Amino acid sequence: MDPKISYFKTFVITATTKSFSKAAKELGITQGTVSNHISALERYFDAQLFIRTPEGVELTPEGKILYESAKKILEIIESTRQRIKSLNKYPEGTVKISASTTPGEHILPGIIKEYKRAYRDVDFQVEITNSKRCFELLERGAVDIAAVGYLYNRDYEHLIIGKDRLVLIVPPNHRLAKVGRATLSHIMKEDYIDREEGSGTREVLIRALNEKGYSMMDLNVVMRLGSSSSIITAVSEGSGVSIISEIPARRAVEAGLVKIVPVVDLDLTRYLYLVKGKKLSNPSAVRSLWRFLEG
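Going by full-length UniProt numbering, the sequence shown opens with residue 1, and the numbers climb by one from there.
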């Protein structure tokens, strides 16, 4: 059996005090345990390490060699422990994040800004993609964290970083904008601009439709686009209507590009999540970010 670190510490203290009993007292263990540790080292190195004298014990020539090396081993271990402890307190390096559109473009920048005020040596690399691919990257260990609007896999530690509502957007001069409200049956009569498969927004809509006994097949999908901004452009140009996050929708309304119309018979609320991977490339920085967000 390979010797444990504690055996080397026992050996060094015994060599320093020149006494098994004094070493036991200093270490807070029994004299028998001291003897067992020394015996284990002697078996491993196949050498006698101490000789008994009237005053206690003395190192053999082999023991002197081990004594010098053991002190260095313990010093390196302690130095390493202190460096790791310091890194946990003052993390550095890069945290890789995959993020879906809404949390990636509208929530993460604020979180990162606040976090970096306290931890300036941590940088962030953010890739914007859809929620499904975020989880694929997380599973492969390609990223440390995913920021998503839909939990494709709940078998991960996660935090809620925001609450969002999906809203129906229409062109400014659309008839539903004049009515000021809409129902699911209204939406089914319109040309619909869909998000791409794997989008968290799309998954929330599918869930809401299923709860009403419908599916995406009941919508007249005329195109699929990969971002809220591209959908806003298409809607503003009269290509159809769509359901997107309220956060970018409000900005588009302020810019006069679209109108938001409440859908009275669909529950389109959702949470936004930060999901921790299981194969972290920068554990200390991720742990500090988690502590920061938990408060």
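C-beta: ideal position from N, C-alpha, C; glycine also.
Since we're looking at a predicted model, the values are computed, not measured.
Evaluate residue i with the Cβ neighbour count: other Cβ atoms within 10 Å of its Cβ, from every protein chain shown; 16 or more gives buried, anything less gives exposed.
i           : result
residue 292 : exposed
residue 120 : exposed
residue 237 : exposed
residue 195 : buried
residue 160 : exposed
Just how far apart, CA to CA, sit residue i and residue j?
i           : j           : result
residue 266 : residue 179 : 17 Å
residue 170 : residue 246 : 13 Å
residue 234 : residue 130 : 19 Å
residue 167 : residue 228 : 12 Å
residue 64  : residue 32  : 22 Å
residue 18  : residue 76  : 24 Å
For a cutoff of 8 Å on Cβ pairs, would you count residue i as touching chain B?
i           : result
residue 150 : Within the model displayed, chain B is absent; a lone protein chain is all it includes.
Determine the closest residue to residue i out of the options, with distance taken between C-alpha atoms.
i           : options             : result
residue 232 : 196, 253 and 198    : 253
residue 248 : 79, 102 and 112     : 102
residue 57  : 75, 12, 215 and 146 : 12
residue 156 : 273, 7 and 38       : 273
residue 209 : 151, 73 and 243     : 243
Within its chain, find whatever has a CB closer than 7 Å to the CB of residue i; leave out the 5 residues flanking it on each side and keep chain order.
i           : result
residue 60  : 48, 49, 50 and 51
residue 282 : 93, 94, 95 and 144
residue 115 : 289 and 292
residue 297 : Residue 297 falls outside the range modelled here, since the chain spans only 1 to 295, and no answer is possible.
residue 9   : 74
Can you give me the start and stop residues for the alpha helix (DSSP H) that residue i sits inside?
i           : result
residue 228 : 228-236
residue 99  : Premise fails: residue 99 lies in the beta strand (DSSP E), 93-99, not in any alpha helix (DSSP H).
Can you list, in chain order, the residues of its chain with a C-beta nearer than 8 Å to that of residue i? Leave out the 5 residues immediately preceding and following it.
i           : result
residue 62  : 45, 47, 48 and 49
residue 118 : 292
Under DSSP, the beta strand (DSSP E) around residue i begins and ends at which residues?
i           : result
residue 245 : 242-245
residue 273 : 269-276
Excluding the five sequence neighbours on either side, which residues of its own chain have a C-beta within less than 6 Å of the C-beta of residue i, listed in chain order?
i           : result
residue 225 : 231
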